[in-house]
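Here the structure is laid out as structure tokens; the discussion comes afterwards.
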Amino acid sequence: MPYTSDDCLFCAIVAGAIPADVVHRDDHVVAFRDINPQAPTHILVVPTTHYENVAEVAADDPSGLAALVLTARTLAQAEGIDRSGYRLVTNTGADAGQTVFHTHLHLLGGRHLTWPPG
Ligand code: 5GP
Ligand code: ZN
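The numbering of the sequence shown is the numbering used here, which starts it at 1 and goes up by one.
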């Protein structure tokens, strides 16, 4: 079930309690630059509501999931990487490397991204 968690870093960023380089904010989506960027553009796109992973968003709020993707597209255009290409990544669980359990899309671009990922 969605909620706002007192112990969640990204809930705190959404609330403005922890500073971040916010590049987009509306009622449903907040986007901010990753503190440890892995590409020239590395933005985290998060729902304002706390969901642990992207499948929870899809199940509970399909239009909210679409809003995340469409915000990422708009930001890719603003960053000038929509034509050169970009990658949306969402890690789910420990083996995938998820470290913050408030779901987020990584918007990565501005350089050639290797495939497959590690
Ligand atoms: P995950 O590993 O869960 O897929 O991604 C978490 C991301 O959050 C990482 O890329 C990490 O660099 C980023 N991150 C962790 N703490 C902070 C923070 O305090 N501020 C920002 N802007 N990004 C953070
Ligand atoms: Zn949260």
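A virtual CB, placed ideally from N, CA and C, is assigned to each residue, including glycine.
Determine the extent of the alpha helix (DSSP H) in which residue i is found, giving its start and end residues.
i     : result
Pro47 : Pro47 -> not in any alpha helix (DSSP H); beta strand (DSSP E) instead, spanning Thr41 to Pro47.
Gly64 : Pro62 to Glu79
Along the beta strand (DSSP E) that carries residue i, what are the first and last residues, could you check?
i      : result
Phe10  : That residue, Phe10, is in no beta strand (DSSP E); its alpha helix (DSSP H) goes Leu9 to Ala15.
Arg87  : Tyr86 to Val89
Arg111 : Arg111 -> no beta strand (DSSP E), and no H or E assigned at all.
Arg155 : Nothing about residue 155 can be reported from this structure: the residues present for the chain run from 1 to 118 only.
What is the DSSP secondary structure of residue i, counted as helix, strand or coil?
i      : result
Val100 : coil
Ala31  : strand
Asn36  : coil
Could you tell me how far apart the beta carbons of residue i and residue j are, in whole angstroms, since I believe they sit closer than 8 angstroms?
i     : j     : result
His28 : Gly64 : 6 angstroms
Ile43 : Leu75 : 6 angstroms
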